[in-house]
Amino acid sequence: MATNEYHFITHWKVNATCEEVYRTLEDIDTLSTWWPSVYLDVKVLEKGIPGGVGKVVSLYTKGWLPYTLLWKFKVTQTSFPGGFALDAYGDLAGKGVWTFVQDGDDCIITYDWKIDAEKPLLRYFSFMMKPIFSANHHWAMRKGEESLKLELLRRQARTDAERNNIAAPPSPTFPHNLTNNKKL
């Protein structure tokens with residue numbers, strides 16, 4: 041494995057149906073609202089065909105560390121409500137596969153992410169910083185699980201009062217300024 045290659049497998053368990061999870065992750069326009077600790081800006085560039093295959097999305101993201109990533113993904117396969125696959129390119133290049141399995145009242149979520157870090161900072165320093173860059177990814181995914189659980193509670197709330205009592209999602213670390221960075 042090259043020093044800038046990464047393979048992460050993430051497991052989450054949320055109290056929801058696979059359809060609810062699929063619909064939440066598919067609703068890309070709300071991603072930066074409910075997962076703001078990682079997704080700073082998201083833009084759909086191409087809608088793809090009905091069902092989502094061919095959808096192209098531009099992302100401006102970060103983790104706990106004070107660097108940002110600019111990358112895109114294209115949905116390559118969907119299997120509603122069981123998951124979808126994507127190809128990534130830009131600062132991160134590779135493949136990701138989301139899989140959803142119902143287990144009683146819970147949805148078991150697996151994200152299999154095989155990427156090459158192409159951003160020069162990551163590519164050139166992975167040989168010595170790989171554990172720190174990997175920890176940054178794991179932090180981002182923990183925030184994702186926390187944020188998804190909160191978003192599902194918001195979507196499942198029956199009243200405005202119930203919805204208003206749900207905590208806000210975790211915020212990003214370190215200040216960032218979208219106007220001084222590349223446009224999506």
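Using the working numbering, the first residue of the sequence shown is number 41, and each one after it goes up by one. C-beta atoms are modelled at their ideal positions from N, C-alpha and C, and glycine is treated no differently. The model shown is predicted, which means the values in this text are computed figures rather than measured ones.
1. Which residue wins for smallest C-alpha separation from tyrosine 151, given the options Asn44, Lys159, Val141 and Pro160?
2. Counting Cβ pairs closer than 8 Å, one from the segment 166-180 and one from the segment 194-208, do we hit at least three?
3. Considering only residues of the same chain and omitting the five flanking positions on each side of phenylalanine 113, which have a CB-CB separation below 6 Å?
4. Classify phenylalanine 214: buried if its beta carbon has 16 or more other beta carbons within 10 angstroms, exposed otherwise.
5. Below 8 Å, can you find three or more Cβ-Cβ pairs linking the segment 90-104 to the segment 174-183?
6. Should lysine 102 be listed as close to the ligand ADP, given that the test is whether its C-beta is under 7 Å from any heavy atom?
7. Identify whether aspartate 69 lies in helix, strand or coil by the three-state DSSP scheme.
8. Tell me, to the nearest whole angstrom, how far the beta carbon of proline 210 is from that of serine 187; I am working on the premise that it is less than 8 Å.
9. With a threshold of 16 other CB atoms inside 10 Å of the CB of threonine 199, please say whether the residue is buried or exposed.
10. Using DSSP's beta-bridge definition, name the partner residues of phenylalanine 140.
11. Between which residues of its own chain and valine 78 is the CB-CB distance below 7 Å, once the five residues before and five after are set aside?
12. Within 8 Å, do at least three Cβ pairs link the segment 114-122 to the segment 80-97?
13. Measuring only the C-alpha atoms, how far is glycine 136 from alanine 197?
14. Identify every residue that forms a DSSP beta bridge with tryptophan 111.
15. With a threshold of 8 Å on Cβ separation, who are the neighbours of aspartate 69 within its own chain once the five nearest residues in sequence on each side are excluded?
16. Indicate the three-state DSSP secondary structure (helix, strand or coil) for glycine 91 in the structure shown.
17. Quick one: residues in its chain with C-beta nearer than 7 Å to the C-beta of isoleucine 229, no 5 flanking neighbours on either side, listed in chain order?
18. Keeping to the same chain, check which residues put their C-beta closer than 6 Å to that of threonine 219; ignore five residues upstream and five downstream.
Looking at the atomic coordinates:
1. Val141
2. no
3. Val97, Leu126 and Ala128
4. exposed
5. yes
6. Inclusion of the ligand ADP in the displayed structure is not the case, the ligand content being empty and no account of it being possible.
7. helix
8. 6 Å
9. exposed
10. Ile149
11. Thr101, Lys102, Gly103, Ala180, Lys183 and Gly184
12. yes
13. 30 Å
14. Leu99 and Gly130
15. Val82 and Val84
16. coil
17. Any property of residue 229 remains undetermined from this structure, which presents the chain solely from 41 to 224.
18. Low per-residue confidence applies at threonine 219: pLDDT is 48, beneath 50, and the placement is therefore not dependable, though the value from the model is reported in the following sentence. So the list is empty, once near-sequence residues are dropped.
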